[in-house]
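All remarks here apply to the structure that follows.
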């Protein structure tokens, strides 16, 4: 499975390693993802999501139900 956040759609970016001599080589900046289980009381079920750590902060702030609803409206979650 690809390294993409299931709630925010964050994925790897491409950039450069820059040496002291300013030589540039391509590199990837991966998203900071964690696999986490969440309990959804409305459905009385557990769901496992691969989310970024910034999405975890959003879930703590607005709740898992609101975060899933927002991700579905943006098309990141089925």
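Numbering (the working numbering), first residue to last: 1116 to 1193.
For glycine and all other residues, C-beta sits at the position ideal for the given N, C-alpha and C.
Note on residue 1155: under 16 other CB atoms within 10 angstroms of its CB, so exposed under the neighbour-count rule.
Between the region 1139-1149 and the region 1162-1173 there are three or more inter-stretch CB-CB distances shorter than 8 Å, so the stretches are counted as touching. In the structure shown, the three-state DSSP call for residue 1173 is helix. Check the Cα spacing between residue 1159 and each of 1180, 1145, 1141, 1139: the tightest is with 1180. When the Cα atoms are used, residue 1161 and residue 1145 turn out to be separated by approximately 27 Å.
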